[in-house]
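The opening residue of the sequence shown carries number 1 in the UniProt record's numbering; numbering runs sequentially from there. Data block below; observations after.
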Amino acid sequence: MITRTVSKNPRTTRGDLVNDLQRAGTKVTKATISNTLRRQGLKSCSARRVPLLKPVHVQARLKFAREHLDDPEEDWGNVIWSDETKIELFGKNSTRRVWRRKNAELHPKNTIPTVKHGGGNIMLWGCFSAKGPGRLIHVKERMNGAMYREILSDNLLPSARALKMKRGWVFQHDNDPKHTARAMKEWVRKKHFKVLEWPSQSPDLNPIENLWRELKVRVAQRQPQNISALEEICMEEWAKIPATISQEVERRLSVTCAERAAAIKDTYRPLHPHVYLQ
């Protein structure tokens with residue numbers, strides 16, 4: 001009964017199960033429930049936060065997954081992935097665990113300095129392929145369509161050349177309004193860039209998210225103390241990310257397509273107003 005209940009509703013708590021069993025005439029403890037579920041290969045985890053999806057988003061993701069399900073790794077190796085991200089100076093990006101003795105939590109070695117409102121942040125635009133990281137740019141003003149086109153003009157082709165991309169390489173960016181505006185589409189057409197069709201609400205499909213995570217961990221370990229140092233360290237650590245990491249995060253995409261296709265088919269029902277994917 002315990003395993004069947006949590007399989008139906010993973011959000012069931014141990015307290016819920018204790019009460020259900022008590023009503024059925026069986027008295028058990030929360031520890032017993034935990035042990036029983038653990039033996040069945042189930043453990044308590046934080047629910048992953050994912051984009052809120054409407055049926056149209058679900059269908060677009062399913063279409064993307066099906067279309068690319070059997071794409072060979074060589075095809076993904078000819079894609080340049082891009083995105084923007086924010087990195088904070090003193091904030092949640094700097095979370096670290098430490099080994100310490102009791103009552104030593106305030107020793108300087110065991111703390112991370114914080115200031116109100118995170119101490120500032122920088123916005124970055126970057127790109128990469130399976131061959132390694134491309135250029136990384138500090139976006140110093142609020143980005144609009146003209147600035148985005150300027151960033152691509154100055155950095156996309158140089159990145160493709162540095163990465164020695166094959167003829168016919170494909171560019172990926174998401175469906176931000178700046179990326180889908182008429183002026184942007186016209187610019188892409190004139191430059192003869194081939195753009196990967198991308199489903200909306202799908203940051204979890206973009207392998208660059210894993211590279212951002214890698215960068216933020218590396219930056220946090222160096223503990224920059226001001227915005228200038230934060231920018232400098234970001235650039236240094238981005239350049240140090242080896243091609244092997246780029247290859248691995250991109251290789252995961254073909255696996256992700258299969259996982260997403262299965263998840264969508266398992267969870268989507270046409271009458272559901274919203275769908276959450278694991």
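Heads up, the beta-carbon is just placed ideally off N, CA and C, and yes, glycines get one too. All figures in this text were calculated on a predicted structure; none of them were measured in a lab.
- DSSP places Met165 in the coil class of the three-state scheme, outside both helix and strand.
- Residues of the same chain with a CB within less than 6 Å of the CB of His173, apart from the 5 flanking positions on each side, are Ser82, His179 in chain order.
- With fewer than 16 other beta carbons inside 10 angstroms of its own, Gly168 counts as exposed.
- Under the rule that a run must span 4 or more residues, the alpha helix (DSSP H) segments found entirely inside the region 194 to 243 read 208 to 222, 227 to 240.
- Between Ala239 and the set Thr29, Met123, Ala162, Asp16, the nearest pair of CA atoms involves Ala162.
- Beyond the five residues adjoining it in sequence on each side, Pro133 comes within less than 6 Å, by CB distance, of Trp238, Ile241 in the same chain, given in chain order.
- The beta carbons of Arg14 and Ile33 sit about 5 Å from each other, so the pair counts as a contact at 8 Å.
- Burial state of Ala183 is exposed, judged by a 10 Å Cβ sphere holding fewer than 16 other Cβ atoms.
- Counting along the chain, Arg135 sits inside the beta strand (DSSP E) bounded by residues 132 to 139.
- Ala31 and Cys45 have their C-alpha atoms roughly 16 Å apart.
- Take the alpha-carbon of Thr5 and the one of Thr29: they are about 16 Å apart.
- For Thr29, there is no enclosing beta strand (DSSP E), as DSSP marks it with neither H nor E.
- Contact annotation, Pro207 with Val249: C-beta distance approximately 4 Å; criterion of less than 8 Å satisfied.
- The secondary-structure analysis by DSSP pairs Phe171 across a beta bridge with Ile80, Val195.
- DSSP places Leu53 in the strand class (E or B) of the three-state scheme.
- With a 10 Å radius around the Cβ and a threshold of 16 neighbouring Cβ atoms, Leu69 comes out exposed.
- Taking the C-beta atoms as reference points, Ile137 is found nearer than 8 Å to Ile151.
- With a contact defined as Cβ atoms closer than 8 Å, Ile87 and Lys216 qualify at about 6 Å.
- Looking only at Arg135, Thr26, Leu157, Asn78, the smallest Cα-Cα distance to Val170 is reached by Asn78.
- Ranked by Cα distance from Leu211, the first of Leu124, Leu62, Gly120, Leu89 is Leu124.
- The beta-bridge partner set that DSSP reports for Ser246 is empty.
- Rounded to whole angstroms, the Cβ separation of Leu53 and Gln201 is 6 Å, and the two are in contact under 8 Å.
- Looking at the DSSP output, Lys86 shares a beta bridge with Met123.
- In the DSSP annotation of this structure, the continuous segment of the alpha helix (DSSP H) that includes Pro177 starts and ends at 177 to 180.
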